[in-house]
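J.:
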Amino acid sequence: MAADWMWARRAWEKWAGKHVGPSGKPVKAALLLNYDPTGPSRLLPVIAEQERTELKAVDLQPFLDFVRRNNLQMEFFSIGPNQYLVTSLHEHWFCARCVNTTQPEGEGVIIMEIGAYLLVSMYDGLVGSASQAMVAVDQFAWHFNRRTH
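Each residue of the sequence shown is one higher than the last, beginning at 1 in the UniProt record's numbering.
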């Protein structure tokens, strides 16, 4: 297990260094959360890794409660100060748009379940930006799944 985590951490660092950052990169901020949907809801999430954000586990409890309720298209959810509405729902991932953004081009988030983790990737912009962020998220998921399966 420790070897797998070390590999996952190296994969994260390589991916985040290439895809997460200020303008010019497809993802402005990302989190990798330990996530066990069968575990007790009273347990706080553990942030396995994060890049360009300073969120704490307690800040993410309402978000994980939202995911556990699996009522994704009927409620808003929050990550930090931003409130989101799900716009696209797929088997192992969903997209949402920020409804209280101050960015003129908008903000969005892609959440993907990858094994026992949730990858939360935030981006600025519209459809083109969302597409670029999705490509980056897919790359991480592909590398991560290749090693763990």
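Yeah, the Cβ is synthetic: ideal placement off N, Cα and C, and Gly gets one too.
1) From H90 to F77, what distance separates their C-alpha atoms?
2) Between the C-alpha atoms of M134 and L32, what's the straight-line distance to the nearest angstrom?
3) Quick check: the Cα distance between C95 and H19, rounded to an integer number of angstroms?
4) Tell me whether E49 sits in a helix, a strand or coil according to DSSP, three-state version.
5) Return helix, strand or coil for A29, following the three-state DSSP convention.
6) To the nearest angstrom, how far is it from the Cα of L119 to the Cα of A29?
7) Quick check: the Cα distance between I79 and L60, rounded to an integer number of angstroms?
T.: In short:
1) 17 Å
2) The straight-line gap from Cα to Cα measures roughly 15 Å.
3) 18 Å
4) strand
5) strand
6) When rounded, the separation of the alpha-carbon atoms in L119 and A29 is 11 Å.
7) 6 Å
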